[in-house]
Amino acid sequence: MQVELKDIGKKFERHFVFRNVSDSFKTGDKTAILGGNGSGKSTLLKIISGSLTSTEGKIEITQNNQNLPVENYMRQVAFAGPYTEIIEEYNLEEIVAFQSQFRKWRNGLSDADVIELTRLQKVAKRPIANFSSGMRQRVRLALAILSDTPVLLLDEPTSNLDAKGMVWFQNLLADHVDDRILFVGSNHQEIETALCTREINLRK
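The sequence shown maps to residues 1171 to 1374 in my numbering.
Okay, here's the thing in C-alpha cells:
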C-alpha cells in the first residue's frame, strides 16, 4: 500500500493550520508528525486516516497498483488518540469481543490473547468507566496496534501512561509495526517516536 499527500492544507474558519504538506509513504515507513500544541498534528492524522477532509490538496491511496476509494481505505486504518471514544459501559472482555466482530486481530490473535497483551486481564470484567485514564489509554492503544490493518495512526500515544505503561507501549508497538505504515503524532516525545525514521514537522 502507498499513501500519498499532495499539497495538503487545512483551514478552520479563515485561518490555515498548515499548508503545502506533501509526501509519500509505503509499507514499512514509520513517520513522526511533530509540532507543539495547536500545530495541527491531530488534524493531519485525521486527514491521513480519511476521517477528515482537507481544505486544499488531496490524499491518494494505492493498493496493488490501483487507486483505493477513501471508504475502502478507512477500513484498513487503525487509529488511537487520548480522545478516541470507547464504550465505557462495556468491560474489557466485551469491548474486545465487540471490535473483533468488525476487524480481525493481527497474526491470528484471539480475543483472549488481546486481553492478555493489554496486561489488564485481572480487571477484564470491570466496566471501562471504572478504569483510570492510563488503563483506558492502554485499551485504546491495544485495540489499534493489534488490529490487522496495513495503516496505523497513533496520536500522542503515551498520554496518561505511567513509566511502566510507556515501556509496555514501546514493546507492543515494536512487535506489531514492521509490515505496516505507521504515523505517530507527538509533541517531540522521544519515547513515542523511537521507532520512527521519518518526520513531518508542523511548526506553529
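For each residue, glycine too, the CB sits at the ideal point set by N, CA and C.
Just so you know, these numbers come straight off a predicted model, no measurement behind them.
Distance from the CA of Met1244 to the CA of Met1171, rounded to the nearest whole angstrom, comes to 13 Å. Shown here, Ala1267 sits in a helix according to DSSP, grouped into three states. Looking at the DSSP output, Arg1368 bridges to Thr1201. Cβ neighbours of Asp1283 within its own chain (closer than 8 Å, five residues either side excluded): Trp1275. The beta carbons of Thr1197 and Arg1350 sit closer together than 8 Å. For Ala1294, the secondary structure class from DSSP, reduced to helix, strand or coil, is coil.
Judged by DSSP secondary structure, Lys1176 falls within the beta strand (DSSP E) whose first and last residues are 1172 to 1182. A straight-line Cα-Cα distance of about 23 Å links Phe1272 and Met1305. Apart from sequence neighbours up to five positions away, the residues of its chain that approach Val1187 with a beta-carbon distance below 6 Å are Lys1180, Gly1210, Thr1213, ordered along the chain. Using a 10 angstroms sphere on the CB of Leu1222, the tally of other CB atoms stays under 16, which defines it as exposed.
Short of 6 Å from the beta carbon of Ser1317, and not among the five residues preceding or following it, lie these beta carbons of its own chain, in chain order: Ala1248, Arg1273. Rounded to whole angstroms, Ala1312 and Leu1287 show a C-alpha spacing of 8 Å.
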